[in-house]
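Reviewing the structure listed below.
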Amino acid sequence: MTVTDPAPSAPPPSDTAGTVADASLAGFGYQQELRRRMGRYASFAAGFSFISVLTTVFQFFALGYSFGGPRFFWTWPVVLLGQLLVAACFAELAARLPIAGAVYQWAGRLGTPAFGWYAGWIMVIGRIVVVAAAALALQVVLPAVWSGFQFVGGDPSPASTTGAANAALLGLVLLALTTLLNVLDNRVLSAVNTVGVTAEIAGVVLIVTLLATHAERDPGITLHTGGEGGLIAALLVGSFTAAYVLIGFESASEMSEETVNPRRTAPRTTLTALTSSGICGGLLLGGLIAAPSLTDGRLATEGLGYVLTSTLGDGLGRVLLADVALAVCAATLAIQTSATRMLYSMARDGVLPRSRQLARVPRRTGMPGTAAAVVGVCAALLLLLNLASPQAFLAIGTTCIAMVYLAYAMVTGPMLVRRLRGEWPPPGDDERDELGRPLFSLGRWGLPVNVLAVGYGLFMTVNLSWPRAAVYDPEGGHWYFQWFTVLVLAATVATGAAYRRHRRRASGPAGSVPGPPARERDDRLRP
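Note that the working numbering numbers the sequence shown so that position 22 is 593, with each residue one more than the last.
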C-alpha cells in the first residue's frame, strides 16, 4: 500500500500528456506522488550525470593504463558496444513499463516477484556503493586544483594513506550536500543536474580539443604494447575503466514517474545518454597522445589530471580540473537520486524493512526524503573504509560495477526467456506513447540483441568480480580486499535471503514477502 502525507494534495498536471502518464501509472497499481516536471533535457541529464565521463575517466584512467598500457583504449569501444546492447533492451522496457525503480520493476514483471526483489536488492546495495565511489573521486581533482583541499596533509594521491583519508573527508562533505538536495523540491534537483551536465559537456569538448592540439604522438600509439602481464589479462583489467564509466544510463527510466511523456522520452534519453558518453571517450585517446611521457610512471598513477596540468599549464589545467570537480558533484547527486528512487519503489511495495517510512513522500516537496537520507548515510559509512586502507578505493569502485552488471543481467536474462517463449514484446503489442506514436521496439533484431546482451553482462560480471591479487591486493596482507567484490555480493544475497525468510515466518505458514500490486502479479507486462 502506498503511504501518503496527510497534507493537501498538489494540483493535478494540466497538460494532456501528463494526465495520460499519470493514468498509465495508475494502471500499474500506483498513484502519482512524485512531481512530474522533468522534460527531455532533464531526463537526458539524469542519465548523462550518472555516467559522468569526466568523473569516471579521471577516476579510473590510471588503473586502465597501468594494466593495459596505451592499448587499453580499445576496451572502450568493446564495452560501449556491449552496453548499447543492454541499453537497447532497456529502452524497450522503458517504453512499456515507465515506473520508478526500473530494474526492480522490470525483473519482477519479466520473471517473478521474488526474482525482481533480489534484482532490486542487489541494485540498491550496488547503487549505494556507486554513490560512495563517486564521492571519493573528488580526491582525484580537488587537491590538484588547490593544495588547500588536502586537509589531512601529506601525499594527495588516492593510493596513499593521507590521500585516502582526505578522500573520505571530502566525500563526506559532498554527501551531506547531495543528500540535502535530494530532500528538497525536484525542481532544484533538476536545475542542479542540468547545470552540471551542461558544464560537463562543455568541459569534455574543450579538454578533447585542447589535448588534440597539444598532441605529442599520433593515435597509432594505441596499438603499442605496454602495461603489466599478458595481453588478454591486461585488457581484461584495463576494461574496468570503460566498465566503470558506461553504467547508469537507465537513470532516465528510474525518473520515469517524474518525466513528462515517459514512454517516449525515457527510451530516447537512455540511448542518447550512453551514446553521447561513448563519443566522449575521446578523452582517453586525448590523454594518450598528449601526455608528456608514457614511460615516466606518472600516467599510471596520476592519470588525466597529470596530463592536463603538465600539458596545458597550471592556470588552464586547474580551471578544467575545477570543471571536472563540478562534474563529480553532479554525478554523485544523480547517482544518489537514482538509488533513492529504487529504494522508494521497493518500499512502497512493502518489501523492505521500515517500508512505510522509506516510501513516505511529503506533498510539500514531492521527494522521498527518508529514502534519500538512508542512501546518504549508508554511502557515508562505506567511505570510512578508505580510512582503513587506500586499497578500499579500488575495491569499492569495482564492487559497485560488478553489482550493477549483475542486476542488469537479471533483467536481460528473463527478458530473453520471454522472447524465446514468444511473450516479448507482449503479443498484440499495439501500445502507443503519450503522444499517440508507436513505442520504441527492436523488431526482428530483438532476439540477437538480447542474446548478446545477456552473454556480455554475465561475462563482465565474472571479469569484474574475479579476485585478482595483483589488482586488489598488490602489496599483500589484505585478503579481504582481494575478495571484497565476491564477499559483498555473497553478503548481499545472504542478508536478502535472511530478511525474506524472516518476513515469511512473521507472516505465518501461508505468508509471503509482499510485492507489486496484486493485479500485476497475474499480468506483469501490461496494466
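For each residue, glycine too, the CB sits at the ideal point set by N, CA and C.
Quick caveat, the model's predicted, so the values are computed rather than measured.
DSSP places G999 outside any alpha helix (DSSP H), giving it a letter other than H or E. Looking at the DSSP output, P1009 sits in a beta bridge with R1003.
In the three-state DSSP reduction, M609 falls in the strand class (E or B). Per DSSP, reduced to three states, the secondary structure at T911 is helical.
Annotation: the continuous alpha helix (DSSP H) that includes F631 extends over V624 to G639. Here R927 is exposed: its Cβ has fewer than 16 other Cβ atoms, across all protein chains shown, within 10 Å. Judged by beta-carbon spacing, V775 lies beyond the 7 Å limit of T627, meaning their Cβ atoms are not closer than that value.
With 16 or more neighbouring CB atoms inside 10 Å of its own CB, W677 falls in the buried class. CA-to-CA, the gap between G940 and P863 works out to about 47 Å. One thing to note: A705 has its Cβ no nearer than 7 Å to the Cβ of A943. Spanning the alpha carbons of H1049 and C900 requires a straight line of approximately 30 Å. Secondary structure note for V948: its alpha helix (DSSP H) is the uninterrupted segment G940 to L954.
Between R834 and P669, the gap from beta carbon to beta carbon is short of 7 Å. For the pair L746 and A951, the CB atoms are nearer than the 7 Å cut-off. In the structure shown, T830 adopts extended strand secondary structure according to DSSP, grouped into three states. Separation of I850 and V1020 (C-alpha to C-alpha, rounded to the nearest whole angstrom) is 21 Å. By the Cβ neighbour-count rule, L794 is exposed, with fewer than 16 other Cβ atoms within 10 Å of its own. Pairing G734 with Q721, the inter-Cα distance amounts to about 8 Å. In this structure, F644 is the residue among T969, P1038 and F644 with its C-alpha nearest to the C-alpha of I792. Secondary structure note for A973: its alpha helix (DSSP H) is the uninterrupted segment A963 to L991. Separation of the CB atoms of V624 and C971 is rounded to 17 Å, and the pair is thereby denied contact status at 8 Å. Membership of E825 in the alpha helix (DSSP H) is indicated by the continuous run S822 to E825. The three-state reading of DSSP puts D867 in coil, since its state is none of H, G, I, E or B.
Here the alpha carbons of C660 and E828 stand approximately 20 Å from one another.
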